[in-house]
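Only one structure is covered here, and it is reproduced in the block below.
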Amino acid sequence: MGGMHDDEESKGPKILVVEDDEDAREAMVALLQMKGYHAVPAGNGREALDYLDQASAPDLIILDLWMPVMDGWHFRSEQIKNPRLAHIPVIVVTALSDRADVDANEVIIKPVDVDRLLTTVDQYCRREPTS
Amino acid sequence: MSAPEDRNKVELKEIEALEQQEANAMLGADTSTLQTLWADDMTVNSTANMIAGKKLLLEMVENGQLKLRVYERRPVRIALFGDLVVSTGNEISQLIGRTLPEFKLFTSYMNVWTKRDGNWQLLARHVGLIHREKSESPQ
Numbered sequence: 001m002g003g004m005h006d007d008e009e010s011k012g013p014k015i016l017v018v019e020d021d022e023d024a025r026e027a028m029v030a031l032l033q034m035k036g037y038h039a040v041p042a043g044n045g046r047e048a049l050d051y052l053d054q055a056s057a058p059d060l061i062i063l064d065l066w067m068p069v070m071d072g073w074h075f076r077s078e079q080i081k082n083p084r085l086a087h088i089p090v091i092v093v094t095a096l097s098d099r100a101d102v103d104a105n106e107v108i109i110k111p112v113d114v115d116r117l118l119t120t121v122d123q124y125c126r127r128e129p130t131s
Numbered sequence: 132m133s134a135p136e137d138r139n140k141v142e143l144k145e146i147e148a149l150e151q152q153e154a155n156a157m158l159g160a161d162t163s164t165l166q167t168l169w170a171d172d173m174t175v176n177s178t179a180n181m182i183a184g185k186k187l188l189l190e191m192v193e194n195g196q197l198k199l200r201v202y203e204r205r206p207v208r209i210a211l212f213g214d215l216v217v218s219t220g221n222e223i224s225q226l227i228g229r230t231l232p233e234f235k236l237f238t239s240y241m242n243v244w245t246k247r248d249g250n251w252q253l254l255a256r257h258v259g260l261i262h263r264e265k266s267e268s269p270q
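Protein chains in written order, with the working numbering: chain A, 1 to 131; chain B, 132 to 270.
Right, dumping it as structure tokens:
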């Protein structure tokens, strides 16, 4: 999945990063891991659902919208339909400026301001921001 | 050549050298040099479409999250505007181990340098992807 493994033994809140752009996905995973999170990559919505079907639920999902195979809108509608997954908060990261089109707990516009992303992630994972 | 033109020529040579020094410091993970060359309020927009500042980027270099196997910088145009310099060119880079296989990135960049207290510092940087290819010999 996304070129990386999911080590369930890893410490810290678990975050599923759903992003098709390899640079963006791996940079975000590296950043979150550096900040003490257990970040798991997925290359599109289908990969993310397959992962969620088999693994323990993450504390947070970071979701791109424009992706091949299954886009972020489709993933989100499937997530909401599933009682086991519906409660997981979602931060959408997108270049779209029309936020009304997006059903998510938070929307962060690309390019992503890393400081804002980390503050928002900390809020949903209920940790104090790391310096 | 007039005195102002001479001065400009010297400044541009200095920036050209600093561009290479900064690239070498990135390649060598030389955080003490980067600490000096980067302005405290530096802003960088990367090919990952992420905007980061000096503190976080230094942390990533120190922690090995931003470790480069290859880093070559070729300025194409360097232009002086008083105490600001805009340098534009292309780069080849390869991060160590973030992805397997590793990828070589061919990018364009724009660096903005500013002179503060007599010293040039990198204030802003934007990097755009031109091409990404799998590295044949990552190790």
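Note that the Cβ used here is the ideal one computed from N, Cα and C, for glycine as well.
Taking the beta carbon of P111 of chain A as reference, the chain B residues within 7 Å of it are N176, N180, M181 and I182, listed in sequence order.
Taking 8 Å as the upper bound on Cβ-Cβ separation, chain B lies near residues D21, E22, D23, A24, E26, A27, M28, A30 and L31 of the stretch 19-31 of chain A. Spatial neighbours of T164 of chain B in its own chain (CB-CB distance under 6 Å, excluding positions within 5 residues in sequence) are listed in chain order as A156. Secondary structure within the stretch 139-210 of chain B: the beta strand (DSSP E) runs of 3 or more consecutive residues, fully enclosed, are 169-176 and 181-184 (chain order).
Taking 8 Å as the threshold, the shortest C-beta distance from Q152 of chain B to chain A does not fall below it.
Secondary structure at L85 of chain A: coil, using DSSP grouped into helix, strand and coil. Per the coordinates, the alpha-carbon of D115 of chain A lies some 16 Å from the alpha-carbon of V92 of chain A.
In the three-state reduction of the DSSP assignment, I227 of chain B falls in the coil class, being assigned neither a helical nor a strand state. Neighbours of Q252 of chain B in chain A, taken as residues at a C-beta separation under 7 Å, are lacking, since the least C-beta distance is about 20 Å. Assigned with DSSP and collapsed to three states, L65 of chain A falls in coil, not helix or strand.
Between M173 of chain B and G159 of chain B, the C-beta spacing is not below 8 Å. Setting aside the 5 residues that flank it on each side, Q33 of chain A is surrounded in the same chain by A39, each with a C-beta closer than 6 Å to its C-beta; the list follows chain order.
Per DSSP, P111 of chain A has no beta-bridge partner at all.
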